[in-house]
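Going left to right, the sequence shown walks through residues -28 to -1, 1 to 218 as mature numbering (1 follows the signal peptide of the UniProt record, and there is no 0) numbers them.
Using N, Cα and C, we set each Cβ at its ideal position, and we do this for glycine too.
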Amino acid sequence: MRNASSRIVLFTGALLIGAGLAGSQASAGQVAPPPLVLSPNLTEPWTMQLQPRVNRRAVAPAQRRQVEQPQVRRANWWSPRQQPVRQQPQARTTQSRQIAPQFLPTIVKYDGKYKPGTIVIDTNARYLYLVQKDGTARRYGVGVGKPGFEWAGRHRISRKAEWPDWRPPAEMRKRRPDLPTFMAGGPENPLGARALYLGSTLYRIHGSNQPWTIGHAVSSGCIRMRNEDVTDLYERVGVGTTVIVI
């Protein structure tokens, strides 16, 4: 209690001295310091009691926002509940992977000059016709040579092959060094399910594992058909059949 009474006396003296200084400064025209706050616990050291009261209204708005803005705790990015959302790959549209309806097989009237059993290929219209005896023709859609690889002529089927092997010619491998020198027959083979070889040329009527290319100029001169269409044609014609390319 004696120590507490001593501190009270010292603090009261300090207040009197401070008041005297404030009065002298005020008389000299100086601004008085902010009011002092007395701690309710008088046993605390007197230096801790001389803390000025903070006027929150005097704080600049920007500073006030910085002080009052709550601190946001960032979630753990790799937390099981906060896993990043991975963008799902868009489903591949099949519209561009389908053959145009007009290139599906059909029966059409035929009054041309070629006799039944002849294959006539119209490269401009992208159709192959198999002339029949009743004044009709079986018409199939085909893919033809791209610009620079067009050709026309008359040949005969010299050989037929099921699921043919593919040996890209040297001219093609020179343009496409990535091509293999040999590829066994099968679903991945560009020649498809069947091949009809035209004379001694490098050209063939063959299937394709890219049926969406039917109706377009995409090949290096060969005539492409859908696998199911070339299989149907394969069963209807034999070696020696005349092929007219116009």
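**Prompt:** DSSP puts Trp138 in a beta bridge; with which residues?
**Reply:** Met155
**Message:** On the criterion of 16 or more Cβ atoms from any shown chain inside 10 Å, does Gly123 qualify as buried, or is it exposed?
**Reply:** As written in the sequence, residue 123 is Trp, which differs from the Gly given in the question. Exposed, because fewer than 16 other Cβ atoms sit within 10 Å of the Cβ of Trp123.
**Prompt:** Are the Cβ atoms of Ile71 and Gly164 separated by less than 8 Å?
**Reply:** no
**Asked** Identify the residues that DSSP records as bridge partners of Leu168: which are they?
**Response** Lys132, Ile177
**Prompt:** Are the beta-carbon atoms belonging to Ile216 and Val116 less than 8 Å from one another?
**Reply:** no
**Request:** Can you grab the Cα-Cα spacing for the pair Tyr175 / Ser130, in whole Å?
**Result:** 11 Å
**First and last residue of the uninterrupted beta strand (DSSP E) at Val92** = 91 to 94
**Message:** Could you tell me the alpha carbon to alpha carbon distance between Glu207 and Ala133, rounded to whole angstroms?
**Reply:** 11 Å
**Prompt:** Taking the alpha carbon of His178 as the point to measure from, which residue in Arg198, His127, Thr214, Arg126 has its own alpha carbon closest?
**Reply:** Arg198
**Asked** Excluding sequence positions up to five away, which residues of its chain have a Cβ less than 6 Å from the Cβ of His127?
**Response** Leu170, Gly171, Val215
**Item:** Touch test, the segment 135 to 145 against the segment 95 to 113, Cβ-Cβ under 8 Å, three pairs minimum
**Value:** no
**Asked** Could you give the C-beta distance for Gly120 and Trp135, rounded to a whole number, given that I count them as a contact under 8 Å?
**Response** Wrong, their Cβ atoms sit about 29 Å apart, outside the cutoff.
**Message:** According to DSSP, simplified to helix, strand and coil, what is Arg196?
**Reply:** strand
**Message:** For the beta strand (DSSP E) containing Gly113, name the first residue and the last one.
**Reply:** 108 to 113
**Request:** List the DSSP bridge partners of Leu100.
**Result:** Ile93, Tyr112
**Request:** Can you say whether Leu205 is buried or exposed, counting buried as having 16 or more other CB atoms within 10 angstroms of its CB?
**Result:** buried
**Message:** Looking at Pro77: is its Cβ nearer than 8 Å to the Cβ of Arg111?
**Reply:** yes
**Asked** Tell me which same chain residues have a C-beta within less than 8 Å of the C-beta of Lys146, skipping the five on either side of it?
**Response** none
**Item:** Val211 in three-state terms, based on DSSP
**Value:** coil
**Item:** Buried or exposed by the 16-neighbour rule on C-beta atoms within 10 Å, applied to Arg125
**Value:** This sequence places Gly at residue 125; Arg is not what is there. Flag for Gly125 reads exposed.
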